[in-house]
Structure formats: C-alpha cells, structure tokens
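Q: Quick one: the structure is below, questions incoming.
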Amino acid sequence: MAVSGFEGFEKRLELQFSGDDPAGLGLRQLEFESLEKVLHAVQCTVVSAVGNQYFDSYVLSE
Amino acid sequence: SSLFVYPTKIIIKTCGTTQLLKSIRPLLNYACDLGLILCGCRYTRGSFIFPNSQPYPHTSFREEVMYLEESLPSHLCYRKATVMPSKLSSHSWHVFTASDDEESHSHMPEESYTIEVCMTELDHVLARKFFRRPNDGKSGDSAGKEMTEITGIGEINPNAIICDFAFDPCGYSMNSLDGDRYSTIHVTPEDGFSYASFECVGSIYDHRNNLVEVLKKAALVFRPATMSVSITCAEHEVWTRVAAALEPLGWKCRSCAVDEFPTIGNVIFQTFTTRRK
C-alpha cells in the first residue's frame, strides 16, 4: 500500500426534512449560490449538473 | 463527489480530505429559511485508506460522532453510532443515525433500499480506462462521456440520464437519474490505492433480478479484488441476493454483519474478496 495518495473512500451524509410546502419544491428552491456556500464549507465545487422533475444532481470536484 | 437535492432530502457524498460534516450547519440554516425541519440524519463511511491525512472533524469516527452530536438539533433524540466490523481489518462500516422518531420506516418507504458498494484493488487493465490521454484537448464532460461509454458504465442502467465527468489526469465521477432514483459511481484508478464506489437506490418490489443485474454489471466494470456491500433497508431479505449475484462471478463472501437503527431499519454489511485472495 502506498504511503500516501488520494483518499477514495467517501463520507456520505443524508439529511431528511419535513415541512409544509404547497409548491412541493422544498430544498430544490435553494439558490445555486447557497449550495456553493455549503460546498465551500466542505471544500469542493460543482463541476457538472443535471436535474429532472424529481431531483437535482451535481457532480462535485474531488 | 456527488450532491443530490430532493424536495425534502439532501445527500452529499465526498471523497479525499473534504470536510463533509461542515455542511450540516449551513444546510440546516438554509432549510429553516424554507420552513423545513430536520427529521432524520444518516452518516456512513468505510475505513479510510489514509486516515492520518483526514482533517478535523474526520480525524476519527469518535470525533465525527461528537461533531454530529453537537451539530444536530436536540429533537433528533434517537441516535445511534456503530462501527460494523468485517474479517478484513481495512474494511469496516461506520454508521451514525439520528431521528426524531423511534418508529422504524417513518422517514423511508418500507420497500426502498440503498446499496453502497466500496471496491479496492481494481483490475489494472480496467482501471487504466479511467486515465485520460495527455493533452487530449477534451473538456471534463466530454472525456467523462467517453469513459462512460468505453467502460460499460452506460450499460448499467440504459434508461438513465447520465451526468459524467473525467478528471485530469485521471479519475471519474458519474451521477445517473432514472425517475426519482439516483445512482452514482466514483473512481480513483491509481495503482496502490485504486478505489471505486457504486451506490444506487431501489425497491424490494422491483423485478427480482434488477438488483442482481445492476450489481453484477457494476462489479464487472472494475473487477476489484476486495469489495464491501452495505444495504440499508427496512427488511433483511434483500441482502441474500447480493451473495447470489457476486459468488458465481468469482467473489466469495467473507463476512456479514447486521445491525438495526432507529427509523432507517437494518444495515447489512458484507465483504467479498476474489477467491484467489
């Protein structure tokens, strides 16, 4: 095994929320700028994105 | 690394030396502004290859749990942290959950499951496909699309919309969307610390062979010497299909651990190695 290298093993966090949202968009209403701020705290950035009617997906750096 | 945003759920999965848990507080603040209240939290990871390189709060599972405990609101009072062991000292599964409700399945449909696969010691020839040619002049998106095609990743679920990216000089990430279901693959192909992960969600009511076929296809893209499979599900039965899928292909189940968590149900953690090991 190498002495040092890139850590492949991921950390995974899932947060589940509840609340009344007549439009049903909930967290998907978050501005991209807000997501970028969250990712800045994690130390990564968005490199690619796609969404459908159910959810949004982002590929991140690192 | 990947981020998935649903109306009432967010999933972030990051590798390297990222400080994932630092996303909790800003996310809770933004969600609060939208009138959303946190009702469940799940944090999982395998064993780091280079644990000494991890920054706070990822310096140890104990530190991570302490950070989680301090970051989460007190109404998430049903909490559990466990390290699920395996016969391979390099593969343990770390799980922390917190919930506002003790009842199982209240936040997760009873029929749904999540599979997280961690693969190490990838086949050398297959891993080479995740290196870019020097000065290929391509964007990360374009090079990613090529990798998706030549590796067979695009065939894992031909119905899915794929968002892929190839890093320079090597490495690959992919998210796929199929209706309300995601799957994701991340690859670090360098010799000595090669790694790939595959994660997807499904339903126990899917056609019986769905899980088997998807797992087989994902494993054969990388042919790892060692892999761990973690399944989060309200019921136990799904895990029996995993060994049935992988053993005929040459991987042998070396260990299996099961634990129960508030709200999310069971986590079943299995490890496999090639028979030659």
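As given, the protein sequences belong to chains A and B, one line each in that order. The opening residue of the first sequence carries number 7 in the numbering used here; numbering runs sequentially from there. The opening residue of the second sequence carries number 789 in the numbering used here; numbering runs sequentially from there. Ideal Cβ placement from N, Cα and C applies to all residues, glycine included. Owing to the predicted nature of the structure, the values given are computational and were not obtained by experimental measurement.
Indicate whether the contact test is met: 3 or more Cβ pairs, each with one atom in the segment 806-823 of chain B and one in the segment 981-989 of chain B, closer than 8 Å.
A: No, the segment 806-823 of chain B is not in contact with the segment 981-989 of chain B.
Q: Could you check what DSSP says for A948/B in three-state terms: helix, strand or coil?
A: The answer is coil: DSSP assigns A948/B none of H, G, I, E or B.
Q: May I ask you to report which of helix, strand or coil DSSP gives I837/B?
A: It is coil, neither helix nor strand.
Q: Could you list which residues in chain B have their beta carbon closer than 9 Å to that of E39/A, in chain order?
A: Here the premise fails: no neighbours, minimum Cβ distance about 11 Å.
Q: Name the chain A residues that come within less than 7 Å of H863/B, Cβ to Cβ?
A: Those do not exist, as H863/B stays about 11 Å from chain A at its closest Cβ, beyond 7 Å.
Q: Are T908/B and G14/A closer than 9 Å when you measure CB to CB?
A: Going by C-beta atoms, T908/B is nearer than 9 Å to G14/A.
Q: Reducing DSSP to helix, strand and coil, say where K43/A ends up.
A: Reduced to three states, the DSSP call for K43/A is helix.
Q: Between the C-alpha atoms of H893/B and F1049/B, what's the straight-line distance to the nearest angstrom?
A: Note on H893/B: pLDDT 46, under 50, position unreliable in the model; the coordinate value appears next. Distance between the alpha carbons of H893/B and F1049/B: 10 Å.
Q: What are the boundary residues of the beta strand (DSSP E) that L66/A is part of?
A: L66/A -> beta strand (DSSP E) spans D62 to L66.
Q: Got a sec, what are the start and stop residues for the beta strand (DSSP E) G57/A sits in?
A: First-last of the beta strand (DSSP E) with G57/A: V52 to G57.
Q: Using DSSP bridges, identify the partner residues of S10/A.
A: DSSP lists no partner for S10/A.
Q: Terminal residues of the continuous beta strand (DSSP E) containing N1054/B?
A: Run containing N1054/B: G1053 to T1062, per the beta strand (DSSP E) assignment.
Q: Compare the Cα-Cα distances from E1035/B to each of Q1058/B, S835/B and P873/B and report the closest residue.
A: Here the closest residue by C-alpha is Q1058/B.
Q: With a CB to CB cut of under 6 Å and the five nearest residues on each side skipped, what residues in its chain are close to A915/B?
A: Cβ within range, chain order: P977 and S982.
Q: Quick one: measure Cβ to Cβ for Y901/B and I1019/B, integer angstroms, because I've assumed they're closer than 8 Å.
A: Sure, about 6 Å apart at Cβ, within 8 Å.
Q: Residues in its own chain within less than 7 Å of K933/B by CB, not counting five upstream and five downstream?
A: Hits under 7 Å: D952.
Q: Report the neighbours of L809/B on chain A: residues whose CB is nearer than 9 Å to its CB, in chain order.
A: Within 9 Å Cβ-Cβ: K17, L19 and V48.
Q: Would you please verify whether the beta carbon of Q842/B is less than 9 Å from any beta carbon of chain A?
A: By this cut-off, Q842/B is an interface position.
Q: Residues in its own chain within less than 8 Å of K1040/B by CB, not counting five upstream and five downstream?
A: Result list for K1040/B: F1060, T1061, T1062 and R1063, in chain order.
Q: Between which two residues does the alpha helix (DSSP H) carrying N963/B extend?
A: N963/B -> not in any alpha helix (DSSP H); beta strand (DSSP E) instead, spanning Y960 to D966.
Q: Quick one: is L791/B buried, meaning 16 or more other Cβ sit within 10 Å of its Cβ, or exposed?
A: It is buried - the Cβ of L791/B has at least 16 other Cβ atoms within 10 Å.
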